[in-house]
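Chains G and Y, in that order, give the protein sequences.
Using this note's numbering, read the first sequence as starting at -2 and increasing by one per residue.
Using this note's numbering, read the second sequence as starting at 5 and increasing by one per residue.
Down below is the structure, laid out as structure tokens.
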Amino acid sequence: DAKTTQPPSMDCAEGRAANLPCNHSTISGNEYVYWYRQIHSQGPQYIIHGLKNNETNEMASLIITEDRKSSTLILPHATLRDTAVYYCIVRGTYNFNKFYFGSGTKLNVKP
Amino acid sequence: DTAVSQTPKYLVTQMGNDKSIKCEQNLGHDTMYWYKQDSKKFLKIMFSYNNKELIINETVPNRFSPKSPDKAHLNLHINSLELGDSAVYFCASSQGQGGEKLFFGSGTQLSVL
């Protein structure tokens, strides 16, 4: 699986958009980009995933660059409850259910 | 209703003891997992079962023995506990071996003294 690089921490003001970057320059053509988050003392929670097109759901938007070497998770209106560690994961279809979690980005949403 | 539930939430025990953690999911999924999160917060897969069959064993010491009596349950038994086993253990489930969405339990914090 391709390695991902994320900033260790970010701050965001409540009500503003949170943009979390992820670099995955070694991603291969059949690997998807997944985002999960872990709120303190809870299990990780699925947010969104995509292959090459931008994706949006009720939680967030995922923007993947045309060369697929990086992506951005966007929380359009961050709330205090969005404070968590956000994990960007690249997984190939051949790797079935092995999700490798890195160190993630700690997002601090401040009032 | 909790989708993936683990018991106990906290487990404190002495070195050398044997302990079990239980996991149940009511999502109708056919694949279940155990993940371990160490003190540095790295989350690593340990085991995966699909339809009660072991499909992933990530170089885990054989003191750890998972058991899946049915698709909805995956238990983890640990023999001869060591200090290094202290961690948070998460159970998860998904639909299918290539399941895109993992649903995690709330974790079991194991402390070995």
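By construction, the Cβ of each residue, glycine as well, lies at the ideal position given by its N, Cα and C atoms.
Nearest neighbour of residue i, chosen from the options [CA to CA]
| i | options | result |
| --- | --- | --- |
| Y:Cys95 | Y:Gly88, Y:Gly109 and Y:Asn83 | Y:Gly109 |
| Y:Glu57 | Y:Phe68, Y:Arg67 and Y:Ser72 | Y:Ser72 |
| Y:Val116 | Y:Leu47, Y:Asn30, Y:Tyr14 and Y:Ala7 | Y:Tyr14 |
| G:Gly47 | Y:Leu114, Y:Cys27 and Y:Lys105 | Y:Lys105 |
| Y:Gly100 | Y:Thr11, Y:Gly32 and Y:Pro12 | Y:Gly32 |
| G:Ser58 | G:Lys107, G:Pro18 and G:Gly26 | G:Pro18 |
| Y:Asp34 | Y:Gly88, Y:Leu114, Y:Phe46 and Y:Phe107 | Y:Phe107 |
| Y:Phe46 | Y:Ala91, Y:Ser9, Y:Gln113 and Y:Pro65 | Y:Ala91 |
| Y:Asp89 | Y:Asn66, Y:Ile59, Y:Ala76 and Y:Asp74 | Y:Asn66 |
| Y:Leu87 | Y:Leu114, Y:Lys75, Y:Trp38 and Y:Ile59 | Y:Leu114 |
Whether residue i touches residue j by CB criterion (9 Å)
| i | j | result |
| --- | --- | --- |
| G:Leu70 | G:Ala10 | no |
| Y:Thr17 | Y:Leu85 | yes |
| G:Ser100 | G:Gln3 | yes |
| Y:Tyr93 | Y:Gln41 | yes |
| G:Thr1 | G:Cys85 | yes |
| Y:Ser69 | Y:Asn54 | no |
| Y:Leu80 | Y:Ser24 | yes |
| G:Lys49 | G:His21 | no |
8 Å Cβ shell around residue i - same chain, five flanking residues per side excluded
| i | result |
| --- | --- |
| G:Arg88 | Asp(-2), Glu28, Tyr29, Tyr31, Lys95, Phe96 and Tyr97 |
| Y:Asp74 | Lys56 |
Cβ shell of residue i (< 7 Å), same chain only, five flanking positions each side left out
| i | result |
| --- | --- |
| G:Ile60 | Asn51, Ser68, Thr69 and Ile71 |
| Y:Asn61 | Phe51 |
| Y:Thr63 | none |
| G:Asp8 | Asn105 and Lys107 |
| G:Asn54 | Ile45 |
| G:Met56 | Ile44 and Ile45 |
Assumed close pair residue i, residue j - CB separation to whole angstroms, cut-off 8 Å
| i | j | result |
| --- | --- | --- |
| G:Tyr83 | G:Arg34 | 5 Å |
| Y:Ser97 | Y:Met36 | 5 Å |
| G:Leu104 | G:Asp79 | 7 Å |
| G:Thr102 | G:Pro5 | 7 Å |
| Y:Lys26 | Y:Thr11 | 5 Å |
Chain-order list of residues whose beta-carbon lies under 6 Å from that of residue i (same chain, five-residue window excluded)
| i | result |
| --- | --- |
| G:Ala36 | Looking at the sequence shown, residue 36 of chain G is not Ala but Ile. Excluding positions up to five away in sequence, the list reads Ala81. |
| Y:Gly111 | Val92 and Phe94 |
Subject >> the region 6 to 20 of chain Y contacting the region 71 to 78 of chain G, beta-carbon criterion three pairs below 8 Å >> reply: Result no; under three Cβ-Cβ pairs closer than 8 Å.
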